[in-house]
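Below is one structure, written out as structure tokens; comments come after it.
Chains as they are written, first to last, in my numbering: chain A, 2 to 293; chain B, 2 to 293.
Below, the structure written as structure tokens:
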């Protein structure tokens, strides 16, 4: 009899990577990435304005200039608007690319606006402390070519955003584990059937399938009565077609508990039989010969 | 400006139950139950044998009897096998219904077997300490009619097993939340498009949709440029068709940040605008008038 920790260690030692498949990004959350993703551009791809306000050249502030005529307005998504001369500023919105000739952004909260001869002018209330203020510089996060996500990561919503950012509309991911859930036991009847007084409905298979679904695996359910011949015929096709079998019942000391010997007869090597836990001490785990 | 905790409190205060729908049990894990489930039988429905071994009448053990001829064998799922006389025992398996005339189970580990004149006989090695030993009594867990699951519980695999046990092959559950994920911003291009130097791909919508999927909601994605007329025409059908809108962009202080005023114009009441967090201080939340 082994401990729960030792059982877990032995189970994990039999784990192998699943083959990859290509799926749309919109279906990839929760799946396991099977390709590395690299930055296709610098991130940010341009000196990105981080606050709504005005863009200006800091050297003018350093030289004492406190009012800046607005020479253009630039929303996010517009090509950078050139300054009409070096002492002007561009009124600019978060997400825009910093105009050539400017290096600093002053946010609306630190400005007051007025008009002089029909010209909109921004007056600094709180001057920027340094060049580059409120600018998220090109490549500050990542450079083009950098590894963003290694193969093998589980894709949470954050990784989905990273993949979208580099235009990965499809992804290579590990295909889902395919599991056959096999209930055994003459006392079990179908859900929709009314059990006789000494029978019960088979509920374990539904629970196991729900747990597998939550873990991201696909499953199919099968039921066998405690009939050695039916199992000897029925199990080999399942061992061939599925990545794993979860069998419920038939592994204790009773007269109908012939699954361990039958599975070994069918080419499954026993890894352990009993685990130090209650309930669930009779827990048989094996590995199919030649599985990879 | 409000705290994150206060924002969460106000968001949750707008929550309302979703209408119910009937779905197959096999698809119900993770959903919210919208009907109470009651026990259709006692659980266990019979005095259930909890160990592989023999069933006998404890009064014989109390009277000093130590060997028991086996009068029948009963596997799980078989109708209870009567004793041929009160001093015999039934060889019996876990999950079977206790035979009439017996009240106690002795497990194989505490027995030795021999044959006398072709009659299989069990000899007690460790006598049972009391009547009822190794028997899981009828109704010990629940009585017929007991509430098993109240309406409103989230269905984990354990609750799926409970529903299966009472034969609930379909369940009433809250339908999934339907969310429109709306990205706005002229700087955003589609995933499959190569952005110009001052553009980026729209990744927020993919992240939000992935997060909604993980939370069990359905979503559809929409994109609008920063075009007031297009939004004024496009948002009302979304406000009508979806339970919630998640809009990304357009709620800060910039010239293209007209969503808060437009949403209010369209009948959405502001609940809060700014939250004490970074990033994400500009966070507008509202509730549609007449929503229920």
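We put the CB at the ideal spot given by N, CA and C, even for glycine.
Please read all numbers here as calculations on a predicted model, not as lab measurements.
Subject >> CB contact flag (residue 56/A, residue 106/A, <9 Å) >> reply: The answer is yes: Cβ separation under 9 Å.
Subject >> Contacts of residue 256/A in chain B (Cβ-Cβ under 9 Å) >> reply: Near residue 256/A (Cβ distances below 9 Å), the residues of chain B are 53, 74, 76, 92, 94.
**OP:** Flag this pair as touching only if the stretch 247-263 of chain B and the stretch 169-189 of chain B have three or more C-beta atom pairs under 8 Å; answer yes or no.
**Re:** A contact exists between the stretch 247-263 of chain B and the stretch 169-189 of chain B.
Original post:
Any idea what DSSP makes of residue 166/B, helix, strand or coil?
Top reply: The answer is helix: DSSP assigns residue 166/B an H, G or I state.
Original post:
Run through DSSP, which three-state label would residue 275/B get?
Top reply: Strand at residue 275/B.
**OP:** Please list the partners that residue 186/B has in chain A, where partner means a Cβ-to-Cβ separation under 7 Å.
**Re:** 77, 78, 96, listed in chain order.
Subject >> Close-in-space but distant-in-sequence residues of the same chain around residue 53/A (CB under 8 Å, 5 per side omitted) >> reply: Spatial neighbours of residue 53/A in its own chain (CB-CB distance under 8 Å, excluding positions within 5 residues in sequence) are listed in chain order as 93, 94, 95, 108, 109.
Subject >> Cβ pair residue 240/A, residue 269/A closer than 9 Å >> reply: Yes; because the gap between Cβ atoms is below 9 Å, this pair is in contact.
Original post:
Which residues share a DSSP beta bridge with residue 287/B?
Top reply: Answer is 271/B.
**OP:** Could you run through the stretch 227-247 of chain B and flag, in chain order, every residue whose CB is less than 7 Å away from some CB of chain A?
**Re:** So the close ones are 227.
**OP:** Identify the contact partners of residue 215/B in chain A, using a Cβ-Cβ distance below 9 Å as the criterion.
**Re:** In chain order: 30, 31, 157, 158.
Subject >> Closest residue to residue 291/B among 125/B, 17/B, 13/B (Cα-Cα distance) >> reply: Of 125/B, 17/B, 13/B, the residue nearest in Cα terms is 17/B.
Subject >> 9 Å Cβ cutoff met for residue 69/B and residue 90/B >> reply: Yes, they are a contact pair.
Original post:
Under 9 Å between the Cβ atoms of residue 36/A and residue 152/A?
Top reply: Residue 36/A is a Cβ neighbour of residue 152/A, given a cutoff of 9 Å.
Original post:
Can you name, in chain order, every residue of its own chain whose Cβ lies under 8 Å from the Cβ of residue 140/B, other than the five neighbours on each side?
Top reply: Only residues of its own chain outside the window of five on either side were considered, and among them 43, 44, 45 have a CB closer than 8 Å to the CB of residue 140/B, listed in chain order.
Original post:
If we call anything under 9 Å between Cβ atoms a contact, is residue 174/B one with residue 220/B?
Top reply: Contact: no.
Original post:
According to DSSP, is residue 54/B helix, strand or coil?
Top reply: When secondary structure is reduced to three states using DSSP, residue 54/B falls in the strand class.
Original post:
Whose C-beta lies closer than 6 Å to the C-beta of residue 283/A among residues of the same chain, with five residues either side of it excluded?
Top reply: So the list reads 252, 253, once near-sequence residues are dropped.
Original post:
So which residues of chain A does residue 192/B contact, with C-beta pairs closer than 8 Å?
Top reply: In chain order, 26, 165, 168, 169, 170 make up the part of chain A whose C-beta sits under 8 Å from the C-beta of residue 192/B.
**OP:** Measure the CB-CB distance between residue 192/A and residue 23/A and report whether it falls below 9 Å.
**Re:** No, the pair does not count as a contact, with Cβ atoms beyond the cut-off.
**OP:** Using beta-carbon positions only, say whether residue 211/A and residue 34/B come within less than 9 Å of one another.
**Re:** Not closer than 9 Å, so no.
**OP:** Using a Cβ cut-off of 9 Å, pull out every chain A residue sitting near residue 202/B, in sequence order please.
**Re:** What residue 202/B touches in chain A: 165, 166, 167, 168.
**OP:** Would you mind sorting residue 51/A into buried or exposed? The rule is 16 or more other CB atoms within 10 Å of its CB.
**Re:** So residue 51/A counts as buried.
**OP:** Please report how far the alpha carbon of residue 12/A lies from the alpha carbon of residue 278/A, in whole angstroms.
**Re:** Spanning the two alpha carbons is a distance of roughly 16 Å.
**OP:** Using 10 angstroms around the beta-carbon of residue 228/B, count the other beta-carbons present and answer buried if the total reaches 16, otherwise exposed.
**Re:** Exposed.
Original post:
How many angstroms separate the CA atom of residue 214/A from the CA atom of residue 29/B?
Top reply: For the pair residue 214/A and residue 29/B, the Cα-to-Cα distance works out to about 10 Å.
Subject >> Close beta carbons around residue 133/B, own chain, < 7 Å, minus the five adjacent residues each side >> reply: Closer than 7 Å at the Cβ level, and outside the excluded window around residue 133/B, lie 104, 105.
Subject >> Nearest-angstrom Cβ-Cβ length linking residue 1/A and residue 38/A, presumed shorter than 8 Å >> reply: Residue numbering for chain A in the displayed model covers 2 to 293; residue 1/A lies beyond these limits and cannot be assessed.
Original post:
Going along the chain, which unbroken runs of the beta strand (DSSP E) with 3 or more residues stay wholly within the stretch 122-190 of chain A?
Top reply: Within the stretch 122-190 of chain A, the runs of beta strand (DSSP E) at least 3 residues long that lie entirely inside it are, in chain order, 148-150, 171-175, 179-185.
Subject >> Own chain partners of residue 1/A with C-beta closer than 6 Å, once the 5 adjacent residues on each side are dropped >> reply: The structure shown does not extend to residue 1/A, since chain A is modelled only from 2 through 293, so no value can be given for it.
Original post:
Where does the unbroken beta strand (DSSP E) through residue 214/A begin, and where does it stop?
Top reply: Residue 214/A -> not in any beta strand (DSSP E); alpha helix (DSSP H) instead, spanning 205-215.
Subject >> Beta-carbon spacing of residue 82/A, residue 75/A below 9 Å >> reply: Going by C-beta atoms, residue 82/A is nearer than 9 Å to residue 75/A.
Subject >> Contact under 9 Å by Cβ, residue 119/A with residue 40/A >> reply: The beta carbons of residue 119/A and residue 40/A sit no closer together than 9 Å.
**OP:** Determine the chain A residues that contact residue 161/B at a beta-carbon separation under 7 Å, and present them in chain order.
**Re:** Ordered by position in chain A, the residues that pass the 7 Å Cβ test against residue 161/B are 207, 208, 211.
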